[in-house]
Amino acid sequence: MRCPGLLFLLLLSAPTWARPVPGHHLPEGAEQSVREREVDIGRLEADLHIDLKRQRLSGSITVTLSALRSDLHTVHFDAADPVVSKVELLGRSGAEKLSFDKKSRLLAITLPPGIEPGQELKIRIHYSAQPDSGLYFFAQTGNESAEAWNYGEGGRHYGWLPLYNDTNDRFSVDFRISVAKPYRVLANGTLIETLENPDGSRTFHWVQEQPIPNYLLALDVGEFVAVPLRSATVGARKVPLTVWTHRGDEASAAFSFGATPAMVEFFSSRFGYDYAWDKYDQVTPRNFSSAMETTTMVGFAPYSLSYQGGPQDNGPELNLAFPGWTTEDTIAHELAHHWFGDLLTCRSLASLWLNESFATFAHTVWNGHAHGEDDLTYQRWRYLNHYLDFVRESGVVRPLEYSGFDVSDDMYTTEITYFKGALVLHMLRRILGDANFYPAISMYLNRHQFAEVESRDFQRALEDASGRNLDWFFNDWIRGGGGYPALQVSWLWVPERNAVDLTLEQVQAELPFENLFDLPIEVEIRTAGGSRTHRVRLNKKSLSVALPVDGKPLMVTVDKGNWLVADIHQEETLQELVYKLEHGDLASALRTARQLAQDHARKPAALEALSRVLADGSLHWGLRQEAALDLGSMGGDVAGAALVAGLGDADQRIRRAVVVALGLLGGARGAAALEKAIEQDPSEEVVGAAAVALGTMQAPRADVVLQGLLERDARYYDVFRLAALQGLAELEDKSHVPTFARHIGPAFNQGLRLAAIDGWSRAAPQDPDLAAALKTLARDPDYTIRGAALDALGELHHAGDMEFLSEYAKAASDRNLQKRAREAAKTIREFAGKR
């Protein structure tokens, strides 16, 4: 899933990627190779007791495996935190004790001599653990009961499960998990039985027969209640669907997850491969971060629960006019993983895009199906700009298939692995056409079901289905082409020849990892006689071509539909741009609105044209959001008047964009309008976005308004207090330290705690109580809080925190947290070196 920043374990080797270059650069990291296996695991049987009060587990696992080598004397399993007491080889004559050794996070088990390749063994491991990673315990807090849940993406399961822990092996699962009443255990597959035990506990027996990788194991323990959804009809089957949530949240769960059955049916049809699994359940545990596609039992964060008319954010992302991900996107994304990620799994993290880019592509395709192609067009536009802005700000580019990284977080870059990857798939879909693209997807799924895949497997399916050689595309966008093309476009009408002379030039820096691209480009020319689309191929630095026309061009659009992952600037007059804004399709109008703001910021005609778009309720809401944001960036009285008027719009999506834009606009008029929105707007997301905007512009009355908002309750994820804390953080005022300090504890949701950490760190970085608090939070049960605390410690630049960070990096089980501690220490050292 989109959990930017989750762990994955691969073997390391010496060479490194990335050397300093001007402008764009590759991320730094050691070259990784696909991990070698000693055995093939066929089945995992677990008989475990989970003690929520003591936050530990104990029992045994039985692993059925086959040797892959003739000289196999020792088998190694990943095991960071488990304390192993005994290992046995099970056979017909009973159990034979095996010697073992545990060090460097590996459990080494000595096998009897004479093991042959293909020979099946059953090994039982008795152990206990108080995990630091992979299985997370949360004590009872207020009205919330104790819970535990797992998160295995990136190899974290070595904290509680002594087993081979990488993506290139899969096995069936038989879980017998015992817990005290009244707690319930949820897991992969089918619940076979629930047993009442003499000690008052219950044992839940779950079986997942179809093989899955280690990281897709699911284990959730808590007081969950079931919210049944209608079954999905897939061929002749009825797939049962259930949402598990907490008492009191049933209505929100039914609303938020209500479209899931239709999604299952749509993806089964669209991908040409029926949903493969026995059931599809979704669960909303406490403190869960984002979502995770654990097979048939998917976990979602509490902020996934909303209501009719409530915020759509999977976040929330109150600084944005529209969230990068909606809850519906996320629900579709995790379901899509049951084709791309669960059914087919990337062979190593270097090919992660085959999981995450595909699931992101799928959730956008669902968006287009459920809400119309214009919504998909706007979503692609947002994703393109998220990616381009990320590269402009960070300079980081890399191919989608990439093996130069240190830990799994390095590969879960939202803007590259998710947004860019999905856009590349849309671009490929456009080039091949749906008639070739989707049969190739079906072929790819059928060929590699329940197996591991690499990029070449996908390329072969595409080529076999279409008859096309796609080396050029994969070399540019998958294996190479770390960045994106920047295109400079100009055109000239030549009436004597009834032609438009079009010039295209790639102006991006030519670096070893950012080559010239081979680009099929659609060019639409509109005249009084109608529109005609031409297809040109730019496969060198520049191209000049004459395109026939039947009269004076009214509009020339390069990259019709905005399919290219590219930064395109087309030289046009103000009058030409206004015409295109008013007469072009949605894709063209979105790009034109942005160019008007950038090239003609103070021109009355540009301001007036965008103001008309914002006010026109007949236009697509996405174009109106774009117009609002562009007016906010342009500034001035005309923009201000249009935005203030927009606060009265009936569509809360428009009002949210308007308050974000007013924050960009600034000034007394904008501040007054934001205060009014906070006080009067009926939408929680608009109030929240207005509060963040008021803080961002550091309005004179922001302090008192935001302090007042802290006292208001919200239906959705305590969003008023969250927005107030985020807005107060922008003021960087040490008088707010008591407010931030009060909200960092486990009584508050994860979003409030993260906002409080940020706010305190910005308001009083020299406060000794802050450093002490961050060190405590670095060991919080919530790993997202741990990571934020480590990052904040580094930004304090206190030399005295170096020892803590060094020891933390040595002791932590989670490799991503190890790296974050090292990076925090590096930040402190670099700051000291500049003084």
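Per my numbering, the sequence shown runs over residues 11 to 845.
In this text, a Cβ means the ideal position worked out from N, Cα and C, and glycines have one as well.
Because the structure is a prediction, the values reported are computed rather than measured.
In the three-state reduction of the DSSP assignment, residue 139 falls in the strand class. The way I'd put it, the stretch 39–52 does touch the stretch 168–182; three or more beta-carbon pairs between them come closer than 8 Å.
The beta carbons of residue 313 and residue 297 sit about 11 Å from each other, so the pair does not count as a contact at 8 Å. Just measuring C-alpha positions, the residue of 531, 741, 776, 790 sitting nearest residue 763 is 790. Annotation for residue 182: the continuous beta strand (DSSP E) segment containing it runs 181–190. Rounded to whole angstroms, the separation of the alpha carbons of residue 338 and residue 370 is 12 Å. In this chain, residue 680 is not harboured by any beta strand (DSSP E); it is covered by the alpha helix (DSSP H) spanning 677–690. Of the residues assessed, residue 397 falls on the buried side of the cut-off, its CB having 16 or more other CB atoms within 10 angstroms. The residues 642, 645, 649, 650, 653, in chain order, have a CB closer than 7 Å to that of residue 675 in the same chain once the five nearest residues on each side in sequence are set aside. Between the alpha carbons of residue 199 and residue 215 lies a gap of roughly 10 Å. For residue 516, there is no enclosing alpha helix (DSSP H); the enclosing beta strand (DSSP E) covers residues 509–516. With fewer than 16 other Cβ atoms from the protein chains shown falling within 10 Å of its own Cβ, residue 778 counts as exposed. Your pair residue 249 and residue 290 checks out as a contact, with CB atoms roughly 6 Å apart and the cut at 8 Å.
The beta-carbon distance between residue 354 and residue 218, rounded to whole angstroms, is 17 Å. This is too long to meet the 8 Å contact definition. Residue 588 sits in a helix when the DSSP states are folded into three classes. In chain order, 702, 765 place their CB closer than 6 Å to the CB of residue 736, counting only its own chain and leaving out the 5 sequence neighbours on each side. The continuous stretches of beta strand (DSSP E) do not include residue 405, and DSSP gives it neither H nor E.
Taking every protein chain shown into account, the CB of residue 202 has fewer than 16 other CB atoms within 10 angstroms, so this residue is exposed.
Taken in chain order, the complete alpha helix (DSSP H) segments of 4 or more residues contained in the stretch 320–381 are 337–346, 363–381. Here residue 373 is buried, its C-beta having at least 16 other C-beta atoms within 10 Å. Secondary structure in the stretch 568–636: the alpha helix (DSSP H) runs of 4 residues or longer, each lying completely within the stretch, are 584–593, 596–609, 614–625 in chain order.
Judged by DSSP secondary structure, residue 203 falls within the beta strand (DSSP E) whose first and last residues are 200–206. Of the candidates 540, 551, 742, 551 places its Cα closest to the Cα of residue 519. Counting the other CB atoms within 10 Å of its CB gives residue 430 a total of 16 or more, which places it among the buried residues.
Residue 728 sits in coil when the DSSP states are folded into three classes, being neither helix nor strand. Three or more Cβ pairs drawn from the stretch 64–74 and the stretch 126–146 lie within less than 8 Å of each other, which places the two stretches in contact.
The C-beta distance from residue 471 to residue 457 rounds to 6 Å, short enough to meet the 8 Å contact threshold. DSSP places residue 813 in the helix class (H, G or I) of the three-state scheme. Assigned with DSSP and collapsed to three states, residue 523 falls in coil, not helix or strand. Inclusion of residue 36 and residue 527 in the CB contact set at 7 Å is not warranted, their separation being larger than that value. Residue pairing by DSSP puts residue 545 in a beta bridge opposite 532. Membership of residue 706 in the alpha helix (DSSP H) is indicated by the continuous run 694–706.
DSSP links residue 463 through a beta bridge to 356. Look at the beta carbons and you see the stretch 501–508 not touching the stretch 475–489: under three pairs across the two are nearer than 8 Å.
Residue 437 sits in a helix when the DSSP states are folded into three classes.
Here the alpha carbons of residue 627 and residue 379 stand approximately 23 Å from one another.
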